[in-house]
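Novice: Chains as they are written, first to last, in my numbering: chain Y, 1 to 251; chain Z, 1 to 251.
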DNA sequence: CCAAAAGTGTTACGAATACACCCATGA
DNA sequence: TCATGGGTGTATTCGTAACACTTTTGG
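(1) Using C-beta distances below 6 Å, list every residue in its chain close to residue 97(Z), excluding the 5 sequence neighbours before and after it, in chain order.
(2) Please list, in chain order, all residues of the same chain as residue 71(Z) whose beta carbon is under 8 Å from its beta carbon, the five residues on each side excluded.
(3) Closer than 7 Å, Cβ to any Cβ of chain Y: which residues of the region 91 to 111 of chain Z, in chain order?
(4) Got a sec: is the Cβ-Cβ distance from residue 7(Z) to anything in chain Y below 8 Å?
(5) Using a beta-carbon distance cut-off of less than 9 Å, what residues from the region 70 to 87 of chain Z approach chain Y?
(6) At a Cβ cut of 9 Å, what residues of the region 187 to 211 of chain Y count as close to chain Z, listed as they run along the chain?
(7) Please confirm whether residue 173(Y) has its beta-carbon closer than 8 Å to some beta-carbon of chain Z.
(8) Give me, in chain order, the residues of the same chain whose beta-carbon lies closer than 7 Å to that of residue 69(Z); leave out the 5 immediate sequence neighbours on both sides.
(9) Checking contacts by CB at 8 Å: is residue 55(Z) closer than that to chain Y?
(10) Kindly indicate which residue of 130(Y), 8(Y), 183(Y), 94(Y) has the alpha-carbon position closest to the one of residue 47(Y).
(11) For residue 52(Z), which residues of its own chain have a beta-carbon under 6 Å away from its beta-carbon, when the five flanking residues on both sides are left out?
(12) Any heavy atom of the ligand PLP inside 7 Å of the beta-carbon of residue 79(Y)?
(13) Using a Cβ-Cβ distance cut-off of 8 Å, determine whether residue 14(Y) contacts chain Z.
(14) Under the assumption that residue 183(Z) contacts residue 170(Z) (Cβ atoms under 8 Å), give the Cβ distance between them as a whole number of angstroms.
(15) To which residues of the same chain is residue 91(Y) closer than 8 Å at the C-beta, ignoring the five residues directly before and after it?
(16) With burial defined as no fewer than 16 other Cβ atoms inside 10 Å of the residue's Cβ, what is the status of residue 178(Y): buried or exposed?
(17) Does residue 201(Z) come out as helix, strand or coil in the three-state DSSP assignment?
(18) Go to residue 179(Y), then tell me how far its beta strand (DSSP E) extends in each direction, as first and last residue.
(19) Can you name the residues of chain Z whose CB is closer than 9 Å to the CB of residue 10(Y)?
(20) For residue 76(Y), collect the residues of the same chain with a Cβ closer than 6 Å to its Cβ; drop the 5 residues on either side in sequence, then sort them by chain order.
(21) Distance check for residue 172(Z) and residue 157(Z), CA to CA, integer angstroms please.
(22) So what does DSSP say about residue 160(Y), is it helix, strand or coil?
(23) Exposed or buried, what is residue 165(Z) when buried is set at 16 or more other beta-carbons lying within 10 Å of its beta-carbon?
(24) Starting from the Cα of residue 88(Y), find the closest Cα among 128(Y), 186(Y), 126(Y), 134(Y) and give me that residue.
(25) What residues of chain Z sit near residue 58(Y), judged by a beta carbon separation below 8 Å?
(26) Among 26(Y), 212(Y), 186(Y), which residue has its Cα nearest to the Cα of residue 122(Y)?
(27) Within 10 Å of its beta-carbon, does residue 81(Y) have 16 or more other beta-carbons around it, so buried, or fewer, so exposed?
(28) Chain Z partners of residue 150(Y), CB-CB under 9 Å?
(29) Within its chain, find whatever has a CB closer than 6 Å to the CB of residue 39(Z); leave out the 5 residues flanking it on each side and keep chain order.
(30) Taking C-beta pairs closer than 8 Å, name the residues in chain Y that residue 52(Z) reaches, listed in chain order.
(31) Would you kindly work out how many angstroms separate the C-alpha atoms of residue 146(Z) and residue 176(Z), rounded to a whole number?
(32) State yes or no: is the C-beta of residue 14(Y) within less than 8 Å of the C-beta of residue 55(Z)?
(33) Measure the beta-carbon distance from residue 161(Z) to residue 107(Z) and round it to whole angstroms, keeping in mind my assumption that it falls under 8 Å.
(34) Let me confirm a value: residue 138(Y) is counted as buried when at least 16 other C-beta atoms fall within 10 Å, else exposed. Which label applies?
(35) Shortest alpha-carbon distance to residue 149(Z) belongs to which of 44(Z), 226(Z), 73(Z)?
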């Protein structure tokens, strides 16, 4: 390929990428999903999953596509976090990135590095490798957002298995909000939600804690989450079938 | 046609723009600031103030710059709203836009169309001209955001003069939230805030309403707003390091 | 004086907090 | 058995809602 610059414009254009901050929870610590770059620049370094937006897709579609290609994770709720556009944030050229964030359960996905990623792996938020570009900053902003959402009442049930105990929720809530909520009040609050339904089973954890298991009424929960926050549902396959839906909430 | 496309890339790049939704309040209705386009495409049509992001500026800087160039408005709190990236949202080429929104007082700014704008003008949200591109959608999303913020406790004091009455706040709050809050409870709530300070003056309105005037402690208020929401302060001159003015004595 | 809107007080309710207590389990 | 953590009950606080009432001003 001799002529390798085929796309010309009258004015300079920045490149546009997407980056995804995916949070998970393993029962002990909060985790983020990272990839090991398989291409230059910074080949071999760790980074947020993401990549260039194609000309025939929206940034949301790009985020879902890249996440799936690079980590095999799909079907999560994605939310636009922020645009990062510092002029020198990428050494190659001017790159503006749209950051997304989502919650996922580590066990639910077959996390396999693919495509441009040599590897994909969950890391503890307390101890993850140095990230390339300004991805550390993006992670910080994402965590702030997560913290805000949690303090505002979000419970992050997307990060749990089908069956979960209130103490697990409590552990996560404490981790994220950094607040010292009374355990018993938290218990009552959670069990008062109509979308958290008790099962009769019991579960066993590390030391000796027999605790009641609960399950989630996804339908009710989704409604609550959707109206509380600005979340959009992105099923990876969505683009393939669904046309364009437009609904306006005019009164 | 000669060769007028000097900027070449190996892969296609979208163009990146910013658009600003500026809300104001005139005592009666909620207003937005629009410009009449002075250039093609859609020359003569109305649009949100905005334009292309330069290679040497962030999207925030671009938003402030374009807003100032096209409408003469500056020194407002800007907040990233969302990225709009539908593939066909611009007829010229692939254009991804970062939408911002801010609150301003209509009277404080000398709204003059400039640069790419033939004209700039405040319109009532109930009755504004058809907008180009997907700007109507952006306005809708911005209003939803505004509504969310107001329901969450924001009072939009940025939209008022130095002296204001509680009934004015109440009128705006009712307009935005569409909620029927008790006037008297609202009054007490507002006057309980430490950043809303009574003055001894009185003001006169349409029929016969003498009402107490209040003023705003900007410092305290800014703190509250900054931590409640994700707002960033952008003084237009900031980049050129011009000293900040606290009071505007101009009229 | 009267109408209309501003401003003040008083009570009620519900969610969030604080904390006391009992139960189940495993070592 | 005891230590540890799960689960339940109850009182208090506080912000908000509901609503009665007084004051001010223009006509």
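Just so you know, even glycine gets a beta-carbon here, dropped at the ideal spot from N, CA and C.
Just so you know, these numbers come straight off a predicted model, no measurement behind them.
Specialist: Let me lay it out:
(1) Hits under 6 Å: 17, 19, 84.
(2) Apart from sequence neighbours up to five positions away, the residues of its chain that approach residue 71(Z) with a beta-carbon distance below 8 Å are 22, 33, 35, 49, 109, 111, 112, 113, 114, 117, 120, ordered along the chain.
(3) Of all residues in the region 91 to 111 of chain Z, only 94, 96, 98 place a beta-carbon less than 7 Å from a beta-carbon of chain Y.
(4) Under the Cβ distance rule, residue 7(Z) counts among the residues neighbouring chain Y, one pair being separated by less than 8 Å.
(5) Cβ contacts with chain Y come from 80, 82, 83, 84, 85, 86, 87.
(6) Cβ proximity to chain Z below 9 Å picks out nothing from the region 187 to 211 of chain Y.
(7) So no, residue 173(Y) is outside the interface.
(8) Within the same chain, residue 69(Z) has close Cβ partners 114, 115.
(9) Output row for residue 55(Z): interface = yes.
(10) Minimum Cα distance to residue 47(Y) is reached at 130(Y).
(11) Excluding residues within five positions, the ones whose Cβ falls inside 6 Å are 17.
(12) Among the components of this structure there are no ligands whatsoever, and the ligand PLP is therefore not found.
(13) Residue 14(Y) counts as touching chain Z.
(14) Their Cβ separation, rounded to whole angstroms, is 6 Å, which keeps residue 183(Z) and residue 170(Z) in contact under 8 Å.
(15) So the qualifying residues of the chain are 41.
(16) Label assigned to residue 178(Y): exposed.
(17) If DSSP states are grouped into helix, strand and coil, residue 201(Z) belongs with the strands.
(18) Neither: residue 179(Y) is in no beta strand (DSSP E) and is coded neither H nor E.
(19) Chain Z residues near residue 10(Y): 4, 5, 6, 7.
(20) Counting only Cβ-Cβ distances below 6 Å, and skipping sequence neighbours, we find 102, 104.
(21) The straight-line gap separating the alpha-carbon atoms of residue 157(Z) and residue 172(Z) is approximately 10 Å.
(22) Note: residue 160(Y) maps to coil in three-state DSSP.
(23) Burial call: buried.
(24) It is 134(Y).
(25) In chain order: 85, 86, 87.
(26) Selection 26(Y), 212(Y), 186(Y) evaluated against residue 122(Y) yields 26(Y) as nearest (Cα-Cα).
(27) Its Cβ being crowded by 16 or more others within 10 Å, residue 81(Y) is buried.
(28) By Cβ distance, chain Z contributes nothing, its closest Cβ being about 15 Å from residue 150(Y), past 9 Å.
(29) Excluding positions up to five away in sequence, the list reads 116.
(30) The answer, in chain order, is 11.
(31) Near 7 Å, if we compare the C-alpha coordinates of residue 176(Z) and residue 146(Z).
(32) A contact, by the Cβ cut-off of 8 Å.
(33) Indeed they touch by this definition, with Cβ atoms about 7 Å apart.
(34) By the 10 Å Cβ count, residue 138(Y) comes out buried.
(35) The shortest CA-to-CA distance from residue 149(Z) to any of 44(Z), 226(Z), 73(Z) is the one to 226(Z).
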